[in-house]
Every structure is written in structure tokens, then in C-alpha cells.
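Everything in the sequence shown is counted per the working numbering, starting at 31 for the first residue and increasing by one. Glycine included, C-beta positions come from ideal geometry on N, C-alpha and C.
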Amino acid sequence: MRNPSCYTTAPGEEPVLPWVSRAVETARTLSTLKEFLEEADLRLVENLLIECAKEADFQVNEREYGEGRTPDDAECDRVVGYDEKGKKVTRAMELGTMKHAVAFACVRQRLLTRFPENISIEPRYAPPGPTPGQSVLTDQWTGSLKPDIVLHFARNPTRIQCIFDFKFPCTLVSKSNPLGPKTSDVRAQLEKYDKLGGNCPSGIVTPQLGVNHE
């Protein structure tokens, strides 16, 4: 009690230990963290994700094609190169990469500032195990899953609440039905996300139709 780092607040009161005070304050902070986001917060998150998708779509289209213009189907299907495996890279895929970058910047600004403990951008998970609901973070690329946006338990991305992927359909058909018969790869992706666990079905976010849960 004679340690100079301790002090008394007033005659007759117990001395205050700074390290005890800091521990109490930390405990209070942890108790105010949201474990999982509540329903109202989930709706807010979904609305902001939709806004980010729309803004990203608009900004990239304006930058690449000019005011009020969007790519037509022929432009969407135009081959612009090949990836490291020799597969075709279309203009739609190239635009999608650009729009993802803008959407992620929007999420960082609008969502991570509100719910910094409960949202992760592009966490990478090991392939789901035989037991549904098991999720493990990994730095291995082979077979791993990397959802765009994951809502989770406070400070714990392995306890998943909901998963969302941004999609930026380019052709007229894909815009009207982003989970149509020609998007089996998207459906398979969402099914794999569901195996990681969560309290809601995994979904996609498009500028045209908003949030769509499969």
C-alpha cells in the first residue's frame, strides 16, 4: 500500500490500485461487446451491404464506360486475357474484381466502424470437416474457402453468424436471376459456406436484387 503508484481518493477510503482499476475497466469493456449481432443490426448490415454493392457497380461502370452507360452482353463476354491456369478471363470477371475492391472499401468505412468486433472481410477457412458447423481459419489456399463478408461472434471469426458474397452480374440474364440455372458454381459455393456453420443461410448481395439467400 505504500507503493507510490497507489493513491487514496479521500480520508477513510480504501487505496485504489491502478492495475485493479484497469482490470475492472477491461471487464466492463468486454461485457459491452456484442456477442452475435441482434436482428435489427443484421437488417442494418444487409442494407449497408446493398448500398455498397450499388455504389461499387455505379462507380466502376461510370469510370469505365462513361456517364449513364453500362456494358452490354457482348462486352461482358469479351475475353480480356487468361489466368495462370490458362482459363479465359472475361470483361465481366475483370469488372467484378474492380467492383469488389470498391465494395470492400465501402464496407470498411460504413460497417467496420460500426461493428469492428463482429465483421471480417475475406477471412480464409480450411475446407469444412465431416461435422457441419466446424470452421477453422487457415493460411493455406488449396481447397480453402474465402467468403467476402462474415458476421461472427465478437472477436471470433470461427463462430459464424452469417456469410455474404458480393456478386456483380453483367449480362441481362444474370442481372435478373443471379442464382439461375447457369450459376451452379455460385450455388455450390454457398453450400460450402453453409457447412462452415452459421445462424442463417449464406447469401449473395447484388446491386440489382439486393440480398438473396439460397
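1. For the stretch 156-185, which segments carrying the alpha helix (DSSP H) assignment without a break, of at least 4 residues, lie completely within its bounds, in sequence order?
2. Within its chain, find whatever has a CB closer than 7 Å to the CB of E65; leave out the 5 residues flanking it on each side and keep chain order.
3. When you compare only the Cα positions, how much space is there between V137 and P162?
4. Give the DSSP-derived three-state secondary structure of T56 in the structure shown.
5. Please return the same chain residues whose Cβ sits closer than 7 Å to the Cβ of G240, not counting the five positions on each side in sequence.
6. Does the Cβ of G228 have 16 or more other Cβ atoms within 10 Å, making it buried, or fewer, making it exposed?
7. Considering only their Cβ atoms, is the gap separating I149 from L181 smaller than 7 Å?
8. Assign K115 to one of three DSSP states: helix, strand, or coil.
9. Have a look at the DSSP bridge pairing and note the partners of V241.
10. Given I190, which residues of its chain have a CB within under 7 Å of its CB, disregarding the five upstream and five downstream residues?
11. Given a threshold of 16 other Cβ atoms within 10 Å of its Cβ, counted over all protein chains shown, does T236 qualify as buried or as exposed?
Taking the structure as given:
1. You should have found no qualifying run.
2. Translated into the one-based positions of the sequence shown, residue 65 becomes position 35. Residues of the same chain with a CB within less than 7 Å of the CB of E65, apart from the 5 flanking positions on each side, are F183, A184 in chain order.
3. In the sequence shown, residue 137 corresponds to position 107, counting from 1. In the sequence shown, residue 162 corresponds to position 132, counting from 1. Approximately 28 Å between the Cα atoms of the pair.
4. Taking the sequence shown and counting its residues from 1, one reaches residue 56 at position 26. Since pLDDT at T56 reaches only 42, below the 50 mark, its modelled position is unreliable, and the value read off the structure follows with that caveat. Of the three classes helix, strand and coil, the one that applies to T56 here is helix, per DSSP.
5. Along the sequence shown, read from residue 1 onward, the residue named residue 240 stands at position 210. Around G240: I80.
6. Walking along the sequence shown from the start, residue 228 turns up at place 198. G228 sits buried, since 16 or more C-beta atoms from the chains shown fall within 10 Å of its C-beta.
7. Indexing the sequence shown from 1 puts residue 181 at position 151. Indexing the sequence shown from 1 puts residue 149 at position 119. Taking 7 Å as the cut-off, the beta carbon of L181 is found closer than this to the beta carbon of I149.
8. Locating residue 115 in the sequence shown gives position 85, where the first residue counts as 1. In this structure, K115 counts as coil in the three-state DSSP scheme.
9. Counting from one through the sequence shown, the residue named residue 241 turns up at place 211. Residue pairing by DSSP places V241 opposite V235 in a beta bridge.
10. Locating residue 190 in the sequence shown gives position 160, where the first residue counts as 1. S165, V180, H182, L226, G227, G228, listed in sequence order.
11. What you label residue 236 is simply residue 206 of the sequence shown in a count that begins at 1. With 16 or more other Cβ atoms within 10 Å, it is buried.
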